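Peer 1: So that we are looking at the same thing, I have put the structure below in structure tokens.
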Amino acid sequence: MAVNVSIPKGTRDFGPLEMRRRNYIFDNIKEIFNLHGYLPIETPAMENLSTLLGKYGEEGDKLLFRILNSGDFTKEIPKNEFTSENLTKLSSLMCEKGLRYDLTVPFARFVVQHRNEINFPFKRYQIQPVWRADRPQKGRYREFFQCDVDVIGSDSLFNEYELLQIIDKVFQKLGINVIIKINNRKILAGIAARLGMSDNLIPMTIAIDKIEKIGRENTKNELLQIGIQEADVESLLDLISTTGSIKDQIVFLKKYFKDNEIGLKGVAELEEIISYVEMNPIKNKIEIDLSLARGLNYYTGSIIEVKAADFQIGSICGGGRYDDLTGIFGLKDVSGVGVSFGADRIYDVMLGLNLFPEFIESAVKVLFVNFGNDSLKTCIALSEKLRKNNISCEIYPQNTKLDKQFKYANAKNIEYVAIIGEYEFQSKNLNIKNLHTGTQEQIPFDEIATYFKNR
RNA sequence: GUGAUUGUAGCUCAGUUGGUUAGAGCGCCAGAUUGUGGCUCUGGAGGUCGCGAGUUCGAGUCUCGUCUUUCACCCCA
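Shown next as structure tokens:
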């Protein structure tokens, strides 16, 4: 037996069937992106660490994969500094590059670096893997794919509306019923301000974001720990749990924020987005969820998150607006908004709900049995004829027992086997067997393309 | 990073208080069937029991370490 081989923790191989399913997801997503005028870009797997560090918080820095410098990576380090006490400093001396952690920060770098070539507003999509040195668990990998779609250089809320349309269309196309949740950071900031908790906005949002997962009581405890008064906590929890129609919620929030400028701004933004949606309603359910916060610190306006309605798995798409993402790279006042589709989780949902179409199972329509010699020549000619008509087919590469060739077709889920043996060669008819039904037919050689055209 | 958990054939898993040569199902290969797959029957190949140390007359089984799997927390898609 061969030596034991394996792949790193949290990474995966994808076999042919898995790849066909994944490509089905990617192809559908790309198609919708293209229809809305978004253009593809790619960035390198590795970035300079200076680009990545400090963008995802302290926690994020720890989860970055770092790439050891080539050659003598110790040469910059004074001998007496080789201690585990200053790992941060050591690693910055030994590593200049790291694997990208998401697609948004590299995109910001891309925009700043190429600002003179870019036609703003810039609508781009990017489908690539990202890496996080997290400990793997359910639905969490160290290497996974993100499908980002962003528009940068336009602060119009029409962009938010368009992203909602894209989300709606993608999930309709894939057959997944979803609930689209929207909220606004400014509303959360307004709430924090009313509670006198503006300095604790981030911890507060992280806490209320968990209410659905850990329940009201646990959320209450976390909020109390932040230092919010008990009476305020109760009213906050009531507030974020409000349901009702979107219209009612907006009316209520306007009253709630009477004199609070930032809060009112947030409500006005929500209202504007909803007014666009009313011009061309989306099919999936959309709701305002005030408990929606999302972790990433760079969001400043709209926040969007999508959950599967019929499958328990966390969010399968999410994003929001960031007013100053490129600011950290020296390009001020460029607003962007975007969402990211979680391909790996979408895959799990579709597999769980059996939503992949049947054609994905079989990649090849016809297998020509190999009898060698003259028969093979005919097979080559006929197979090319099929391919010209866009029908996928293949010829078994060797003349072996029929049994073996049929088993190959069966295992590969090929629907038809074309047989040209001695009898068929003489009569110029090929014998076509349907492996699903077991029936066989004799077809003249020159009718092969028409025969398969609509099957 | 914290706390659990898993590891035996290609895959899914049995394996008794520690006791001869470690098993099953599925898959694979061959034959029954040299022009027909799936179904059936017969036979066969395939194992450093994750790795390393220890206890013991004797370890798949017990102890420790290490790696790996899965799960929860933190955080996140």
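Residue numbers (my numbering): 204 to 658. Every residue gets a Cβ at the ideal spot worked out from N, C-alpha and C, and that includes glycine. On a predicted model such as this, the values are computed, not experimentally measured, just so you know.
1. Kindly give me the distance between the Cβ atoms of I379 and M553, rounded to whole angstroms, as I take these residues to be in contact under 8 Å.
2. Based on the DSSP output, what are the partners of M249 in its beta bridges?
3. Of all the options G257, I477 and E299, which has the alpha carbon lying nearest to the alpha carbon of L271?
4. Write down the C-beta distance between L541 and V381 rounded to the nearest angstrom, noting that I regard them as a contact closer than 8 Å.
5. When you compare each of T581, F571 and I411 to L495 by their alpha carbons, which one comes out closest?
6. At which residues does the beta strand (DSSP E) containing Q432 begin and terminate?
7. Is the number of C-beta pairs between the stretch 589-600 and the stretch 562-574 that are closer than 8 Å three or more?
8. Quickly, what does DSSP pair C520 with across the bridge? List them, please.
9. Who are the near neighbours of G393 in its chain, counting only those whose CB is closer than 7 Å to its CB and skipping five residues on each side?
10. Taking C-beta to C-beta, are Y479 and Y364 nearer than 8 Å?
11. Measure the C-alpha to C-alpha separation of G530 and R658 and round it to an integer number of angstroms.
12. What are the start and end residues of the alpha helix (DSSP H) that includes A496?
13. Is R524 near the ligand COA, going by C-beta to nearest heavy atom under 7 Å?
14. Roughly how many angstroms separate the alpha carbons of R318 and L252, rounded to a whole number?
15. Using only the alpha-carbon positions, how far apart do G257 and Y304 sit?
16. Quick check on the DSSP output: the beta strand (DSSP E) that includes F374 runs from which residue to which?
17. I need the straight-line Cα distance from L266 to N386, nearest angstrom please.
18. Which word fits K389, buried or exposed, when buried means at least 16 other C-beta atoms lie within 10 angstroms of its C-beta?
19. If I'm right that L493 touches T445 with Cβ under 8 Å, what's the distance once you round it to whole angstroms?
20. Consult DSSP for G260 and reduce its assignment to one of helix, strand or coil.
21. Taking contact to mean 3 or more Cβ pairs, one atom from each stretch, closer than 8 Å, check whether the stretch 603-623 and the stretch 634-652 are in contact.
22. What do you get for N592, buried or exposed, if any count of 16 or more other CB atoms within 10 angstroms of its CB means buried?
23. Using the Cα positions of G260 and N500, report the straight-line distance between them to the nearest angstrom.
24. To the nearest angstrom, how far is it from the Cα of R497 to the Cα of E415?
25. Are the CB atoms of T214 and R345 within a distance shorter than 8 Å?
26. DSSP three-state call for I476: helix, strand or coil?
27. Have a look at L585 and T640 and give me their C-alpha separation to the nearest angstrom.
28. Just how far apart, CA to CA, sit L638 and N613?
29. Which of the three DSSP states is assigned to D216 in this structure?
30. Considering only residues of the same chain and omitting the five flanking positions on each side of L439, which have a CB-CB separation below 8 Å?
31. Quick one: what does DSSP say P406 is sitting in, helix, strand or coil?
32. Taking the straight line between their C-alpha atoms, what separation do you get for T408 and Q329?
33. Within a Cβ cutoff of 6 Å, which residues of the same chain sit near I489, ignoring the five residues on either side of it in sequence?
34. Starting from F325, follow the beta strand (DSSP E) in both directions and report where the run begins and ends.
35. Quick one: Cα of L360 to Cα of H239, how far?
Peer 2: From the atom records:
1. In the first sequence, the residue the question calls residue 379 occupies position 176. In the first sequence, the residue the question calls residue 553 occupies position 350. So it is a contact: roughly 7 Å between Cβ atoms.
2. For the purposes of this step, residue 249 is taken as the residue at position 46 of the first sequence. According to DSSP, M249 bridges with L302.
3. For this step, residue 271 is matched to residue 68 along the first sequence. The option with the nearest alpha carbon to L271 is E299.
4. As a working note, residue 541 is residue 338 in the first sequence. As a working note, residue 381 is residue 178 in the first sequence. One point to set straight first is that residue 541 is Gly, not Leu, in the sequence displayed. Not really, about 18 Å apart at Cβ, beyond 8 Å.
5. Along the first sequence, read from residue 1 onward, the residue named residue 495 stands at position 292. It is I411 whose Cα lies nearest to the Cα of L495.
6. Taking the first sequence and counting its residues from 1, one reaches residue 432 at position 229. Here Q432 belongs to no beta strand (DSSP E), and DSSP marks it neither H nor E.
7. yes
8. Sequence index remark: in the first sequence, residue 520 carries index 317 (1-based). According to DSSP, which records beta bridges pairwise, C520 is partnered with V509 and F544.
9. Position 190 of the first sequence, counting from 1, holds the residue named residue 393. So the list reads F460, N463, I465, G466 and G469, once near-sequence residues are dropped.
10. Residue mapping note: residue 479 aligns to position 276 of the first sequence, counting from 1. Residue mapping note: residue 364 aligns to position 161 of the first sequence, counting from 1. Yes; because the gap between Cβ atoms is below 8 Å, this pair is in contact.
11. Start at 1 with the first residue of the first sequence, and residue 530 comes out as number 327. Start at 1 with the first residue of the first sequence, and residue 658 comes out as number 455. Their backbone Cα atoms lie some 56 Å apart in a straight line.
12. In the first sequence, counting from the first residue as 1, residue 496 sits at position 293. Counted as a single uninterrupted DSSP element, the stretch harbouring A496 is not any alpha helix (DSSP H), since DSSP gives it neither H nor E.
13. Ligands displayed in this structure: none; no statement on the ligand COA is therefore possible.
14. For this step, residue 318 is matched to residue 115 along the first sequence. For this step, residue 252 is matched to residue 49 along the first sequence. Rounded to the nearest angstrom, the two C-alpha atoms are 21 Å apart.
15. Within the first sequence, numbered from 1, the residue matching residue 257 stands at position 54. Within the first sequence, numbered from 1, the residue matching residue 304 stands at position 101. Between G257 and Y304, the C-alpha separation is close to 12 Å.
16. The sequence position of residue 374 within the first sequence is 171, counting from 1. It is not in any beta strand (DSSP E) - F374 instead sits in the alpha helix (DSSP H) that spans F361 to L377.
17. By one-based count along the first sequence, residue 266 stands at place 63. By one-based count along the first sequence, residue 386 stands at place 183. The straight-line gap from Cα to Cα measures roughly 28 Å.
18. Translated into the one-based positions of the first sequence, residue 389 becomes position 186. The residue is buried, with at least 16 neighbouring Cβ atoms inside 10 Å.
19. Position 290 of the first sequence, counted from the start, is the residue given in the question as residue 493. Position 242 of the first sequence, counted from the start, is the residue given in the question as residue 445. Confirmed, about 7 Å.
20. The count along the first sequence starts at 1 and reaches residue 260 at position 57. Helix.
21. yes
22. Here residue 592 corresponds to residue number 389 of the first sequence, with the count starting at 1. So N592 ends up on the exposed side.
23. What you label residue 260 is simply residue 57 of the first sequence in a count that begins at 1. What you label residue 500 is simply residue 297 of the first sequence in a count that begins at 1. Approximately 8 Å, taken between the alpha carbons.
24. The residue given as residue 497 occupies position 294 in the first sequence. The residue given as residue 415 occupies position 212 in the first sequence. So the two alpha carbons sit approximately 13 Å from each other.
25. Stepping through the first sequence from its first residue, residue 345 is reached at position 142. Stepping through the first sequence from its first residue, residue 214 is reached at position 11. Against a cut-off of 8 Å, the Cβ pair of T214 and R345 comes out as a contact.
26. The count along the first sequence starts at 1 and reaches residue 476 at position 273. Secondary structure of I476 (DSSP, three-state): helix.
27. Here residue 585 corresponds to residue number 382 of the first sequence, with the count starting at 1. Here residue 640 corresponds to residue number 437 of the first sequence, with the count starting at 1. So the two alpha carbons sit approximately 23 Å from each other.
28. Sequence index remark: in the first sequence, residue 638 carries index 435 (1-based). Sequence index remark: in the first sequence, residue 613 carries index 410 (1-based). Distance between the alpha carbons of L638 and N613: 7 Å.
29. Sequence index remark: in the first sequence, residue 216 carries index 13 (1-based). Residue state, collapsed to three classes: coil.
30. Mapped onto the first sequence, residue 439 falls at position 236. Within the same chain, L439 has close Cβ partners I394, L398, I411, L426 and I431.
31. On the first sequence, position 203 is the one that residue 406 refers to. DSSP places P406 in helix when its eight states are reduced to three.
32. Here the question's residue 408 lines up with position 205 in the first sequence. Here the question's residue 329 lines up with position 126 in the first sequence. Straight-line Cα distance between these residues: approximately 28 Å.
33. Walking along the first sequence from the start, residue 489 turns up at place 286. Here I489 has I383 as same chain residues with Cβ atoms under 6 Å from its own Cβ, once five neighbours each way along the sequence are excluded.
34. As a position in the first sequence, residue 325 is number 122, starting the count at 1. Note, F325: beta strand (DSSP E), F325 to W334.
35. Working through the first sequence from its first residue, we reach residue 360 at position 157. Working through the first sequence from its first residue, we reach residue 239 at position 36. Approximately 16 Å, taken between the alpha carbons.
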